[in-house]
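Residue numbers (our numbering): 3 to 174.
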């Protein structure tokens, strides 16, 4: 059951102000606020957040969650941009991933992931994370930049890291 609720006003002085925005996807709620200055000056901002959002709800919407079977996400995201601008908006915020479980046909054990992430634009600050799969149990922190030349810097610590347990053998 999916629902959308929007409550807002328009005035020449304030533009379009949406002070209550609510999306319900299955049993999960995403709430937020939004503002568009005016159609002549189409600068906008939108803030959305959720607590305890079931990650597997995203499996049909985002490829990265296609093998997710369990876990929850708390997030707070702010997006800003111009409606008539070809460059994408700037998104920044935070997400706490809580025991996300991923299962693949070609792997014996599921991958369990928890992390605290802050992000701004294409830069992700991995403040703390934990991954487990079979005998692999590691903690990590670091930074990921998703640019033309992606860059990943990780510090890994833990009991064991069995790479074959963490990387799928499947060829796409």
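All C-beta atoms, glycine included, are put in the ideal place defined by N, C-alpha and C. The structure displayed is predicted, hence computed values, not measured ones.
(request) Note the first and the last residue of the continuous beta strand (DSSP E) segment covering residue 113. (result) As a working note, residue 113 is residue 111 in the chain shown. First-last of the beta strand (DSSP E) with residue 113: 113–122.
(message) Runs of 3 residues minimum, wholly inside the stretch 137–174: which ones carry the beta strand (DSSP E) assignment?
(response) 138–147, 153–162
(message) Measuring only the C-alpha atoms, how far is residue 101 from residue 72?
(response) On the chain shown, position 99 is the one that residue 101 refers to. On the chain shown, position 70 is the one that residue 72 refers to. Spanning the two alpha carbons is a distance of roughly 7 Å.
(request) With residue 22 as the anchor, note down where its beta strand (DSSP E) starts and where it stops. (result) Reading the chain shown from its first residue, position 20 is the one you call residue 22. Taken as a continuous stretch (DSSP letters only), the beta strand (DSSP E) holding residue 22 covers 17–27.
(message) As an exercise, report each continuous beta strand (DSSP E) stretch of at least 3 residues that is fully enclosed by the stretch 61–107, in chain order.
(response) 70–84, 92–104
(request) Would you identify the three-state DSSP class for residue 4, choosing helix, strand or coil? (result) Walking along the chain shown from the start, residue 4 turns up at place 2. Coil, per DSSP.
(message) Do residue 74 and residue 56 have their beta-carbon atoms positioned less than 9 Å apart in this structure?
(response) If you number the chain shown from 1, residue 56 lands on position 54. If you number the chain shown from 1, residue 74 lands on position 72. Their beta carbons are under 9 Å apart, which means residue 56 touches residue 74 by this criterion.
(request) Ignore the nearest five residues each way along the sequence and tell me which others in residue 125's own chain have a CB closer than 6 Å to its CB. (result) As a working mapping, residue 125 is identified with position 123 in the chain shown. The residues are 147.
(request) Have a look at residue 77 and residue 13 and give me their C-alpha separation to the nearest angstrom. (result) Indexing the chain shown from 1 puts residue 77 at position 75. Indexing the chain shown from 1 puts residue 13 at position 11. If you take the alpha carbons of residue 77 and residue 13, they lie about 30 Å apart.
(message) Please report the straight-line C-alpha distance between residue 69 and residue 86, rounded to a whole angstrom.
(response) Walking along the chain shown from the start, residue 69 turns up at place 67. Walking along the chain shown from the start, residue 86 turns up at place 84. Taking the straight line from one Cα to the other gives about 36 Å.
(message) So, with DSSP's three-state summary, where would you put residue 52?
(response) Stepping through the chain shown from its first residue, residue 52 is reached at position 50. Strand, per DSSP.
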